[in-house]
Amino acid sequence: MEIASKYNPAEVEGKWYQYWLDNGFFKSKPDGREPYTIVIPPPNVTGVLHMGHMLNNTIQDILIRRARMLGKNACWVPGTDHASIATEAKVVNRLAQQGIKKTDLTRDEFLKHAWEWKEEHGGIILKQLRKLGASCDWDRTAFTMDEKRSESVLKVFVDLFEKGLIYRGVRMVNWDPKALTALSDEEVIYKEEHSKLFYLRYKIEGEDGYAVVATTRPETIMGDTAMCINPNDPKNQHLKGKKVIVPLVNRVIPVIEDDYVDIEFGTGCLKVTPAHDVNDYMLGEKYNLPSIDIFNDNGTLSEAAGLYIGMDRFDVREQIEKDLAAAGLLEKVEAYENKVGYSERTSVPIEPKLSMQWFLKMEHLAQIALEPVMKDDIKFYPPKFKNTYRHWMENIKDWCISRQLWWGHRIPAYYLPEGGYVVAETAERALELAKEKTGNASLTMADLRQDDDCLDTWFSSWLWPISLFDGINNPDNEEINYYYPTSDLVTGPDIIFFWVARMIMAGYEYRKDMPFKNVYFTGIVRDKLGRKMSKSLGNSPDPLLLIEQYGADGVRMGLMMAAPAGNDIPFDEALCEQGRNFNNKIWNAFRLIKGWTVDDTIAQPEASATAVKWFKMQLDKTIAEVNDSFDKYRLSEAMMAVYKLFWDEFSSWYLEMIKPGYQLPIDKATYDATLGFFDALLRLLHPFMPFITEELWQALELRKEGESLMVALMPEVAPVDSAYLESFEIVKEIVSGVRTIRLQKNIPNKDTLELQVLGDHSDAFNPVISKMCNLTDIIRTDDKAAGAVSFLVRTTEYAVPLGNMINVEEELAKLAEELKYQQGFLASVAKKLSNESFVSKAPAKVIEMERKKQADAESKIKSIEESIAALKK
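Going by UniProt numbering, 675 is the number at position 675 of the sequence shown; the sequence numbering is gapless.
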């Protein structure tokens with residue numbers, strides 16, 4: 001096979017990916033082998049590849065490729081998520097560009113547009129993952145709203161409803177005024193904001209005085225139905241039993257007492273708006289207060305507000321400040337730092353709102369899902385996330401599972417003509433139940449009205465490891481029994497509650513078993529300034545352009561160099577360049593080896609025999625390290641171990657040791673061993689860099705036709721002689737010492753040298769030292785030659801007699817100049833340290849640094865003086 005002079009990823013990547021697909025190497029079917037299963041965290045169907053996806057899917061591909069090469073039946077299931085809020089927003093925007101409003105369409109008409117959009121854009125991200133080298137079983141590609149997954153979701157809803165775990169009721173929810181839907185608590189992100197604290201005057205009814213309330217939201221006063229004080233607050237005792245008048249609104253409201261009120265905050269008086277604050281809602285329930293909802297769904301003020309009707313909530317805040325001040329009802333305004341809840345999906349401030357919604361009781365599910373993680377039945381990497389998980393599970397709230405959207409799984413509840421409802425997987429079953437419930441046999445489908453809301457997107461993805469193998473609809477099928485529980489989950493810590501915890505709940509509820517054995521939490525990809533990469537900041541490179549520029553292997557490697565589990569990834573494009581350079585290093589090493597002429601009649605030189613023995617041990621040592629790192633999910637460390645083995649040990653040392661002289665042949669024993677090592681190195685590198693390794697493995701021509709490195713087995717571990725490897729480290733130091741002398745004294749590599757040994761030394765590696773240093777001899781002596789330059793390795797001195805190799809006069813002049821400089825430097829440091837004023841005032845660290853400079857200069861002067869004396873002998 002002809003090897004090009006330069007590695008060109010564009011020529012290689014598409015070719016081998018197609019080869020893997022054509023030969024079915026990604027496919028998996030149950031058999032007698034140990035299964036290794038990963039389910040992809042389904043990217044939004046609206047999405048395109050970003051750096052977070054790149055990292056996450058690179059890690060999954062590394063794990064799945066390695067599992068295949070360990071002889072396991074590896075199955076990586078891909079798929080996408082229907083992403084209710086995000087997709088509906090995209091479809092609404094596209095319709096708006098065509099002059100169509102969602103409200104102008106029926107539900108079915110809108111869904112037709114949504115499905116068209118999905119068909120057009122839905123597969124983009126999965127196609128992009130192929131460019132990365134993702135070895136998913138594409139025949140298994142699933143979608144959270146496809147038939148099997150949809151059936152599973154409805155079946156689970158009905159089951160949980162029948163178990164009494166799903167209920168419907170009016171509750172305070174997080175309302176997204178842009179997406180016009182309720183959100184769960186986990187979909188709210190709290191941000192620190194520079195706000196204002198407004199001190200408002202509420203006139204005491206029948207008196208001249210005022211009670212003053214501090215609030216950050218004056219626009220909600222139209223919904224006030226009480227004022228609350230702490231009964232133990234001495235400064236507000238005079239308000240007990242009184243009534244006050246809401247400013248501008250002129251509604252008379254009672255003063256109630258509850259020790260919930262913080263005496264220290266503001267004035268100790270709290271305005272109570274039950275419809276628009278979670279805590280006020282609880283007070284409203286406790287004291288039976290009326291609730292006035294003053295907001296429309298889109299965040300404008302409703303008729304019920306009586307004032308500012310139709311105005312946006314934030315415009316009202318600006319206007320009401322002016323109006324309160326004009327009416328003399330604004331005591332003062334202070335700058336204030338507070339946390340404001342934002343919608344994770346649309347990035348607008350959420351509005352607490354009373355709303356009729358569907359909820360899932362979480363207490364039972366949290367109980368069954370907490371212990372397995374705490375006991376490490378399911379292992380978290382890194383384990384620090386166990387605390388985050390435990391805290392959420394122990395403080396869990398019921399899950400609001402309904403969304404006021406049309407794109408998604410429609411809630412399978414059907415309302416009856418006379419009130420009440422039935423819950424069923426199909427309309428036909430709902431009609432049967434309706435007839436039973438009402439006793440009216442003449443009911444028809446037209447008499448029933450299905451709930452308009454759809455389910456939270458996470459209500460489908462929490463079933464993902466089960467529903468991908470149809471384990472909800474067919475709980476005892478061959479695939480679910482074989483592939484479940486899955487092996488590893490790779491995900492970001494930001495969805496530990498949304499997805500990880502809920503999958504664990506579903507696993508124990510529906511399979512009585514964990515959904516996965518290990519969870520690997522990736523970090524967040526950040527830029528050089530530490531900012532999270534995002535479209536809005538414009539600081540995220542296009543992954544496909546990176547692949548185009550550096551090759552998929554280069555980008556994969558660049559990401560993994562900076563990606564320890566659970567820690568943020570400071571991404572720099574220079575890492576991809578380093579990855580590309582490593583590709584070139586591998587390529588050039590292969591070309592070098594393949595360029596040698598082999599002569600099977602010549603004997604193996606001693607240096608080569610030693611090199612082969614040493615590198616085999618170095619390889620075995622690294623294989624053990626890599627296995628250990630994978631066992632601990634330290635993937636970056638595993639990759640760096642192989643990287644160093646190839647770059648440092650194989651290229652820089654081994655190939656130098658065995659390289660034949662210019663235009664001379666290599667012996668067959670060394671050549672065959674070297675090809676064997678290269679094969680092992682490619683196997684170790686393949687999970688990280690699949691394309692270049694496949695290209696070169698095929699070019700090695702050690703394989704049978706039609707095979708792939710993808711399904712070749714990993715090299716096995718052999719015992720290692722640590723003492724032998726440690727002895728070889730001494731050899732490296734000797735070689736480096738001689739090379740440093742050549743560099744300093746400008747002695748060409750072609751000129752031979754002699755090496756003198758003064759002290760302990762093993763002769764076992766002399767052939768290697770002689771070859772690497774181009775030595776004529778290695779001589780033991782007690783007295784080094786005049787003019788020799790020496791260096792220490794551990795406790796042994798090694799000397800290189802330079803004889804006629806250098807110009808003594810020139811060398812003496814150079815050393816005299818260096819000596820003069822060092823003596824001047826020492827004098828300046830000594831002067832500083834003898835200055836009492838400096839020593840008494842300078843920090844201890846500064847003085848310590850100066851003393852170190854003094855010691856270094858003294859040491860250098862002594863060394864230069866010794867060299868001068870040796871040259872003058």
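Cβ atoms here follow ideal geometry from the backbone N, Cα and C, with glycine treated the same way.
Residue range of the unbroken beta strand (DSSP E) whose run includes residue i
{"i": "P254", "result": "V252 to E257"}
{"i": "K379", "result": "K379 to Y381"}
{"i": "M172", "result": "I166 to D176"}
{"i": "V808", "result": "Taken as a continuous stretch (DSSP letters only), V808 belongs to no beta strand (DSSP E), being part of the alpha helix (DSSP H) at V808 to L833."}
{"i": "I204", "result": "V188 to I204"}
{"i": "S460", "result": "No beta strand (DSSP E) holds S460; the alpha helix (DSSP H) holding it covers W458 to S461."}
{"i": "Y36", "result": "P35 to V39"}
{"i": "L183", "result": "T181 to L183"}
Residues bridged to residue i (per DSSP)
{"i": "C228", "result": "I256 and L270"}
{"i": "E754", "result": "D777"}
{"i": "H276", "result": "H276 is not bridged to any residue."}
{"i": "T80", "result": "F143"}
{"i": "I504", "result": "Per DSSP, none; premise fails for I504."}
{"i": "S150", "result": "Paired residues: none, contrary to the question."}
{"i": "F838", "result": "According to DSSP, which records beta bridges pairwise, F838 is partnered with nothing at all."}
{"i": "F295", "result": "L301"}
{"i": "I569", "result": "V525"}
{"i": "T491", "result": "F521"}
{"i": "F359", "result": "Y167 and C400"}
{"i": "Q450", "result": "Y414"}
{"i": "A214", "result": "Y199"}
{"i": "C75", "result": "T37"}
Helix, strand or coil at residue i [DSSP, three-state]
{"i": "Q604", "result": "coil"}
{"i": "F688", "result": "coil"}
{"i": "Y633", "result": "coil"}
{"i": "G676", "result": "helix"}
{"i": "R345", "result": "coil"}
{"i": "F516", "result": "strand"}
{"i": "K621", "result": "helix"}
{"i": "residue 912", "result": "The structure shown does not extend to residue 912, since the chain is modelled only from 1 to 873, so the question has no answer here."}
{"i": "A67", "result": "helix"}
{"i": "F791", "result": "strand"}
{"i": "L330", "result": "strand"}
{"i": "L239", "result": "helix"}
{"i": "Y484", "result": "coil"}
{"i": "A134", "result": "coil"}
{"i": "P767", "result": "helix"}
{"i": "Y798", "result": "strand"}
{"i": "residue 886", "result": "The shown model of the chain, from 1 to 873, leaves out residue 886, and the question about it has no answer."}
Beta-carbon gap between residue i and residue j smaller than 8 angstroms
{"i": "G554", "j": "R580", "result": "yes"}
{"i": "E257", "j": "K271", "result": "no"}
{"i": "E205", "j": "I245", "result": "yes"}
{"i": "Y510", "j": "Y381", "result": "no"}
{"i": "M54", "j": "P543", "result": "yes"}
{"i": "P9", "j": "A552", "result": "yes"}
{"i": "S135", "j": "I38", "result": "no"}
{"i": "P35", "j": "N73", "result": "yes"}
{"i": "W406", "j": "L684", "result": "no"}
Start and end residues, alpha helix (DSSP H) containing residue i
{"i": "I245", "result": "Here I245 belongs to no alpha helix (DSSP H); instead the beta strand (DSSP E) covers K243 to I245."}
{"i": "I320", "result": "R313 to A326"}
{"i": "T438", "result": "A427 to T438"}
{"i": "P543", "result": "P543 to Y550"}
{"i": "Y19", "result": "P9 to D22"}
{"i": "Y389", "result": "F385 to E394"}
{"i": "R725", "result": "According to the sequence shown, residue 725 is Leu rather than Arg. Residues S722 to K745."}
{"i": "V846", "result": "A844 to K872"}
{"i": "D108", "result": "R107 to H121"}
Expected contact under 8 angstroms - CB spacing of residue i and residue j to nearest Å
{"i": "K517", "j": "P485", "result": "6 angstroms"}
{"i": "F630", "j": "E186", "result": "The pair is not a contact, with the Cβ atoms about 32 angstroms apart (cut-off 8 angstroms)."}
{"i": "V249", "j": "G306", "result": "7 angstroms"}
{"i": "I396", "j": "A366", "result": "5 angstroms"}
{"i": "L871", "j": "L812", "result": "6 angstroms"}
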